[in-house]
Each structure stands twice: as structure tokens, then as C-alpha cells.
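The structure appears right after this line, and notes come after that.
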Amino acid sequence: MLKRDYEGYERAHEVVRLVDGDYVCNLCQLIWKRRPQTFCAGVPVYRYGYWPKGLYTYTQLRRDLKMQPIDREQPDGAYFIRKSPYRRWLYTIERAIPRRVSTPLQGEAITKMRAGLVAHYTCQRCGWHDKSQGKNKLALRIRDGWCVSCWDVFQRLELQVAQCKWARNYIDAGSFVVLDTETTGLEREDEVIELAIVEGRSGTVLFNSLIQPENLAERDSFATHIHGITRKDLETAPRFPDVWPVIRAILRRYRRVIVYNAEFDYFQLKYSAAERELIPTGEVSDMFDTHPF
69 MLKRDYEGYE RAHEVVRLVD GDYVCNLCQL IWKRRPQTFC AGVPVYRYGY WPKGLYTYTQ
129 LRRDLKMQPI DREQPDGAYF IRKSPYRRWL YTIERAIPRR VSTPLQGEAI TKMRAGLVAH
189 YTCQRCGWHD KSQGKNKLAL RIRDGWCVSC WDVFQRLELQ VAQCKWARNY IDAGSFVVLD
249 TETTGLERED EVIELAIVEG RSGTVLFNSL IQPENLAERD SFATHIHGIT RKDLETAPRF
309 PDVWPVIRAI LRRYRRVIVY NAEFDYFQLK YSAAERELIP TGEVSDMFDT HPF
């Protein structure tokens, strides 16, 4: 952009009224039906592609003719475009000079630099290339040699590898069980209504039972829409004091327990047991060596 592209450059039109009543500017040569309220480009303005021979854009001079304007701030014409700064400047070849030719060493350095930029903005996995070199806000980004899409895939693969490694180490470390519960809800006063414990290495089901909550007839909600357990299913189920000795024995035998959302299941077991005075305070926490998987 030239200095005259900024708001500080505000040059008025040199307007002359024609015989037919129209207005014309002696500088930009634009014609209006009414006196213009805009600012003048200061040089003749042409329709795109209809400027006289010998006028070139700055890019055309450099790229096609290997020349450059003597003074880029002094154009010889302009044409309008639809994006900021809303005009492109034109230069006459008579006021242009040949561009300085780079030496062989400079040319080699430029070639290496361009190759490095291409490699830097090319995805190593899929080969997508960001031609804007990170300048296009809407384009995909290259991060550590990966485009956004491939980076997401890479992150998921890395996470899977880490999870598999953790699982293998956990299994090799010794016996453990996997515990899961279903409850009447997510509030503090809700109770465990189903509990299952599976031996982690063999898959043997050590315990699996419905559990009848306190005050079954008076309870309104069972979160049936989540787990499918209804009031009728629980009418013949054993109560928590009946199954607690079996659960307690298993948890004492297997010190390592994998629980999804361990904090919630730990609290529900502790609440269900403590409310019925089946355990002293803190006993459930002593039983659980959980991993919040």
C-alpha cells in the first residue's frame, strides 16, 4: 500500500462542470452527474483492463518485465478493486528501471529459502500445502509439520498408544477387579440399586446383583430412563445389608479396583454402607485403591 492509500491522504477533486451539466475531474478524469463527495486518486483512473499500453501494475513490472518503478509513491494511473484499499496503482514503463539481478549465491539462497518455506507449510502426512504460508485466517494451519486434520488424528493415535501402554502395565502389575454401579440418581441421598464386580484379568463375574433401596414404596424416581431398572425389578432384590458382606470381602481381597467415575461410585458405596452403620468411618476409602478410568 502507498501512503495515499491511508485515510490521512485526502485530496479533493479538481472538478470542472461540462456543457451538458456533468462534472469531470481534471486529475482522475472521472465523470459524475452530481458534484462528487469522494476524494481524488490524483492520477487518471481507468476501468479494469482498459488502460493505455505502457501502463503496468507493480506486480506486472516486477514479475513479467523484471523492472521496478523509480518512485513507487508516484503512480501514473489507477483502477478500482472491490477490497481494501479499493484501487491498484499503474506505472509507466518509461519511469521504470531494471531490477537488480541477484548473484548466483543469492539465487541459490533464495531457492533454498523458498524450498524451506514450502516444506514448512506442507503437511508431512497428507501433503496438503498452505499457499498463504499461514497468512490466510480461514486456511488450515500447519503445526509441527502436520495440518489440523492430521494433527487431530496424530493426537488420537498418541492417546490410544498411551492408554494401551497404561492398560498393559496395569494388567501386568497383578490382580485387580472392575467395579460398576447403577443408582437411583446423582444426588447425595440416592442409593446403589445394582452393583457388579468383574475380575479384570480373567473376566470372571465375582458379583452381580440388583439391590433394593430403602423405602422402595415411597421412592418416586429410579433413573429408569438411564439404566432401564424399574420398581418392579427391585421388589424381590436383596437389600444392601444382605449383599454387603460379599462386596466387602471381594474389595478386601482385591486391593486394586478400576472404576469409571470412581469418585461418584466411591461416595455412593460409602453412603449406602455408612447410612446403615455397616462400616466404620473411612473403611470404604481403605478398601479402594482405584484408578478413575
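Residue numbering for the sequence shown follows my numbering, starting at 69 and increasing by one per position.
We treat Cβ as the ideally placed atom computed from N, Cα and C, and that holds for glycine.
Model, not experiment: these values are computed from the prediction.
Burial state of residue 327 is buried, judged by a 10 Å Cβ sphere holding 16 or more other Cβ atoms. Per DSSP, reduced to three states, the secondary structure at residue 204 is coil, with no helix or strand assignment. The residue among 252, 131 and 234 with its C-alpha nearest the C-alpha of residue 279 is 252.
For the pair residue 144 and residue 115, the Cα-to-Cα distance works out to about 14 Å. When DSSP assignments are scanned along the stretch 110-171, the uninterrupted stretches of beta strand (DSSP E) that are 3 or more residues long and fall wholly within it turn out to be 123-125, 135-137, 145-148, 155-160 and 164-166. One Cα belongs to residue 95, the other to residue 128, and the distance between them is close to 24 Å. Pairing residue 111 with residue 146 gives a Cβ-Cβ distance under 9 Å.
The C-alpha of residue 142 lies about 14 Å from the C-alpha of residue 77. The stretch 210-217 makes no contact with the stretch 255-267: fewer than 3 CB pairs, one atom from each, lie closer than 8 Å.
When secondary structure is reduced to three states using DSSP, residue 232 falls in the helix class. In the displayed model, residue 264 falls within a strand according to three-state DSSP. Taking the C-beta atoms as reference points, residue 157 is found nearer than 9 Å to residue 126. Beta-bridge partners of residue 93 (DSSP): 83.
By the Cβ criterion, the stretch 267-279 is in contact with the stretch 300-313, since at least three pairs of Cβ atoms, one from each stretch, lie closer than 8 Å. A distance of 9 Å or more separates the beta carbons of residue 274 and residue 325. Burial check for residue 268: the Cβ neighbour count within 10 Å reaches 16 or more, so the residue is buried. Sorting 201, 168 and 169 by C-alpha distance to the C-alpha of residue 184 places 201 at the top.
Taking a contact as a CB-CB distance under 8 Å, the pair residue 167 and residue 121 does not count as one, their CB atoms being some 21 Å apart.
Going by DSSP, residue 308 is part of the alpha helix (DSSP H) stretching over 308-321. In summary, residue 81 is buried, with 16 or more beta-carbon neighbours lying within 10 Å of its beta-carbon over all protein chains present.
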